[in-house]
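In the working numbering, the protein residues as written are 291 to 532. From the three backbone atoms N, C-alpha and C, an ideal C-beta is built for every residue, glycine too. Quick caveat: nothing in here was measured; it's all calculated off a predicted structure. Working notes, beginning with the structure itself.
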Ligand SMILES: N[C@@H](CCC(=O)N[C@@H](CS)C(=O)NCC(=O)O)C(=O)O
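Structure representation (structure tokens):
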């Protein structure tokens with residue numbers, strides 16, 4: 291049985307703490323964690339496993355919404371990924387979480403919000419599962435291809451308008467790339483067919499050192515969640531789970 295206690299994987303105490311869930315499955319945790327890494331600041335990482343009897347109680351010790359990620363900075367608690375990003379952007383203005391130019395920044399926030407609020411079919415049909423390879427799975431639900439098309443269009447547009455200075459949506463890696471990193475991992479797990487520019491962006495994301503570090507940690511985690519594994523998701527033969 292999975293060990294149902296939170297795991298603290300750094301020895302840093304007395305500063306920022308980020309509560310997250312399983313690295314293999316938790317896409318929101320990944321977004322918050324990448325934003326935290328982007329600041330360069332040391333932080334304590336508290337990992338709570340999802341879908342064990344103690345999950346809710348363990349998360350509620352830190353996060354009033356019962357969801358992760360949750361950032362704790364002394365007496366300040368910030369939950370909701372976009373709120374965490376904004377807090378970190380204000381606390382670490384030199385870290386470049388958002389693009390410096392106002393128009394680019396507004397665009398980055400718009401597409402980050404679109405990611406936060408949308409792409410429900412993709413998120414439902416292709417749960418993040420970093421260590422698996424499930425080609426052909428996940429395309430069974432209506433609307434998945436439409437989500438993929440919109441994401442490709444978002445990426446192409448941002449890269450074309452703002453990406454000249456580097457390999458990421460606004461050149462250098464920023465918070466908006468943290469928002470889309472789990473999508474790249476889903477596209478890899480489910481071998482989604484992509485156009486040339488989207489495929490190149492996925493490659494660039496997967497090569498980002500902090501993401502590579504997360505992936506390596508995900509692969510050695512002890513926990514398994516059947517609903518997000520092959521038999522629990524929609525396969526090519528039709529929906530096997532709602
Ligand atoms: N809107 C939230 C979503 C957070 C969320 O759904 N987190 C999931 C993990 S990926 C969670 O905490 N689930 C708790 C549970 O399943 O018990 C955010 O932006 O941070």
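Would DSSP call residue i helix, strand or coil?
i, result
"residue 489", "helix"
"residue 345", "helix"
"residue 367", "strand"
Would you list the one or two residues that DSSP bridges to residue i?
i, result
"residue 307", "334 and 362"
"residue 461", "458"
I'd like the span of the alpha helix (DSSP H) that includes residue i, first residue to last.
i, result
"residue 377", "371–381"
"residue 420", "No alpha helix (DSSP H) holds residue 420; DSSP gives it neither H nor E."
"residue 438", "434–452"
"residue 321", "317–329"
"residue 501", "499–509"
"residue 402", "392–407"
Take the Cβ of residue i as the centre, count every other Cβ of all protein chains shown within 10 Å, and call the residue buried at 16 or more, exposed below.
i, result
"residue 366", "exposed"
"residue 432", "exposed"
"residue 510", "exposed"
"residue 347", "exposed"
"residue 350", "exposed"
"residue 451", "exposed"
"residue 508", "buried"
"residue 520", "exposed"
"residue 453", "buried"
"residue 371", "buried"
"residue 517", "exposed"
"residue 471", "buried"
"residue 464", "buried"
"residue 309", "buried"
"residue 319", "buried"
"residue 506", "exposed"
"residue 278", "Residue 278 lies beyond the range of the chain shown here (291 to 532); nothing can be said about it."
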